[in-house]
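The next block holds one structure in the form of structure tokens; read it before the comments.
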Ligand code: SF4
């Protein structure tokens, strides 16, 4: 089963944290078959691109990378090229036509088939494994080669049932599937034993965790309670939340569990109820406002971050103004922003008669980004003079001064100087200065 001469594996990962987590699993599985990960594309025997199709730009990047690798294969025919992730899931025929030199195409549901797929590739077969349903496996059967030493990402639910009209995820990742709580708890125990200090529970719609089980006690709130009981100094986050799925029980659990960070990432997408309906988001503007108010009343130093789309088909200037106003009125701590990008399979992608011109879309995006900068700075300024508990993630050295880069429980980035601390240490920091994207402070006892 094992090849004792190590071969080099290079994985390029595009897109979200779920993809990054998948790449860590892919590297872990392939390490059982003699592949050692490298950061150098040029020395790789096996090159894999793990793709994202959330926007056209990411899809274009994937094809462009395949083109570069295809040229390399002409002079080095023994190298193998693979593609996986959302573009592979939706585009297998196109990939075969555009990049016939690709040796391995596998979908988001087929990662755990890699042990057999890789043997076929090594026997010079062109392999394509795309299924619409996941190939079952115990996730803990294979090791995971985590890229970070402090933060570990743990998918707890995959797929999505929401079918927002702009989003391709339900088509590429399938319907919601939760992992068994015991399997997650075992993985988290191992992570803590390995010395990781922050565990982020991942899901496209993380608050839906457990809804696909008959046992109604299996919920995200109860999973947080179980993980909070584990011994050790570590903290827990969860992303991404769907606004109307944030229950009172989940808010109570975040409150009860001292290891759970007071931080919520809740994409709003638009501040206008008509556009939210067109997007098939199951909440109105005022319902979103109520959720944010409820969370802020419970946790005074909470950070709430969001996602917004500028220029959804049919969005008027007035409706776009509602989005700008929402960002400001809700005092959001940070927002990811994007211009609307039509995706295949999606309903919004077919609303061609309502498409907004690129000029208007990008002009709105620029105004959204400007509002984001203003609101983020105001949010950060609130913390000047406060003491935040942070986890050191890394350090940078400039002019012989070492600065620690850390993140507060509420996800704010905090820089400070303390020669007694290193990555993985917790510290208390008094905030002395706020900038748009980060805070500065000094350590306190
Ligand atoms: S909730 Fe909507 S945007 Fe998020 S993954 Fe599901 S379909 Fe996509």
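Numbering (this note's numbering), first residue to last: 58 to 502. For each residue, glycine too, the CB sits at the ideal point set by N, CA and C.
State the Cα-Cα distance for the pair residue i and residue j, rounded to the nearest angstrom.
| i | j | result |
| --- | --- | --- |
| residue 116 | residue 284 | 37 Å |
| residue 309 | residue 154 | 52 Å |
| residue 471 | residue 433 | 14 Å |
| residue 374 | residue 428 | 15 Å |
| residue 176 | residue 216 | 28 Å |
| residue 499 | residue 475 | 8 Å |
| residue 29 | residue 468 | What is shown of the chain runs 58 to 502, which leaves residue 29 out entirely. |
| residue 430 | residue 392 | 9 Å |
| residue 303 | residue 348 | 8 Å |
| residue 406 | residue 399 | 5 Å |
| residue 69 | residue 345 | 36 Å |
| residue 317 | residue 479 | 22 Å |
| residue 414 | residue 421 | 11 Å |
| residue 515 | residue 128 | This structure cannot speak to residue 515, because the chain is shown only from 58 to 502. |
| residue 385 | residue 334 | 22 Å |
| residue 183 | residue 321 | 44 Å |
| residue 185 | residue 390 | 43 Å |
| residue 492 | residue 426 | 16 Å |
| residue 120 | residue 181 | 22 Å |
| residue 454 | residue 482 | 18 Å |
| residue 158 | residue 247 | 39 Å |
| residue 448 | residue 319 | 14 Å |
| residue 293 | residue 205 | 16 Å |
Does any heavy atom of ligand 1 sit closer than 6 Å to the C-beta of residue i?
| i | result |
| --- | --- |
| residue 25 | Nothing can be reported for residue 25, as the shown portion of the chain is limited to 58 through 502. |
| residue 393 | no |
| residue 219 | yes |
| residue 226 | yes |
| residue 271 | no |
| residue 309 | no |
| residue 407 | no |
| residue 261 | yes |
For residue i, which residues of its own chain have a beta-carbon under 8 Å away from its beta-carbon, when the five flanking residues on both sides are left out?
| i | result |
| --- | --- |
| residue 218 | 227, 232, 233, 262, 265 |
| residue 502 | 485 |
| residue 337 | 219, 220, 221, 222, 404 |
| residue 452 | 459, 460, 461, 462, 479, 480 |
| residue 189 | 166, 231 |
| residue 134 | none |
| residue 270 | 235 |
| residue 137 | 102, 103, 104, 160, 161, 178, 179 |
Leaving out five residues on either side along the sequence, give the residues of the same chain with a beta carbon under 6 Å from the beta carbon of residue i.
| i | result |
| --- | --- |
| residue 58 | With a pLDDT of only 46 at residue 58, under the threshold of 50, the placement of this residue in the model should not be trusted; the figure read from the coordinates follows. For residue 58, where only same-chain residues beyond five positions count, there are no Cβ hits under 6 Å. |
| residue 379 | 328, 329 |
| residue 139 | 105, 161 |
| residue 171 | 86 |
| residue 67 | 95, 98, 101, 104 |
| residue 369 | 332, 397 |
| residue 241 | 213 |
| residue 201 | 81, 82, 85 |
| residue 281 | 310, 314, 317 |
Just mark residue i as buried or exposed, buried being the case when its beta carbon has 16 or more other beta carbons within 10 Å.
| i | result |
| --- | --- |
| residue 450 | buried |
| residue 464 | buried |
| residue 60 | Note that residue 60 scores 46 on pLDDT, short of 50, meaning its location in the model is unreliable; the coordinates nonetheless yield the value given after this. Its Cβ having fewer than 16 others within 10 Å, residue 60 is exposed. |
| residue 78 | buried |
| residue 72 | buried |
| residue 81 | buried |
| residue 457 | exposed |
| residue 110 | buried |
| residue 93 | exposed |
| residue 477 | exposed |
| residue 63 | exposed |
| residue 260 | buried |
| residue 300 | buried |
| residue 402 | exposed |
| residue 290 | exposed |
| residue 274 | exposed |
| residue 250 | exposed |
| residue 126 | buried |
Might you give, ordered along the chain, the residues of its own chain that have their beta carbon closer than 7 Å to the beta carbon of residue i, omitting 5 neighbours on each side?
| i | result |
| --- | --- |
| residue 245 | 211, 256, 284, 287 |
| residue 363 | 323, 324, 325, 389, 392 |
| residue 112 | 395, 398 |
Please decide whether residue i counts as near chain D, where near means a Cβ-Cβ distance under 7 Å.
| i | result |
| --- | --- |
| residue 406 | Going by chain labels, chain D is absent from the structure shown, which holds only one protein chain. |
Original post:
Which runs of the beta strand (DSSP E), 3 residues or longer, sit entirely within the region 314-396?
Top reply: 320-322, 360-367, 391-396
**OP:** Pick out the complete beta strand (DSSP E) segments inside the region 126-195, 3 residues or longer, and give them in chain order.
**Re:** 137-142, 161-163, 184-186
Original post:
In the region 190-266, which residue ranges form an unbroken alpha helix (DSSP H) of at least 4 residues, counting only runs that do not cross its ends?
Top reply: 226-229, 238-250
Original post:
Which residue spans inside the region 419-476 form an unbroken beta strand (DSSP E) run of at least 3?
Top reply: Listed in chain order, the complete beta strand (DSSP E) runs (minimum 3 residues) inside the region 419-476 are 444-455, 458-465, 470-473.
Original post:
Can you give, in chain order, each stretch of the beta strand (DSSP E) that sits fully within the region 61-98 and has at least 3 residues?
Top reply: 64-70, 92-94
Subject >> Complete runs of the beta strand (DSSP E) confined to the region 101-130 [at least 3 residues] >> reply: 103-108
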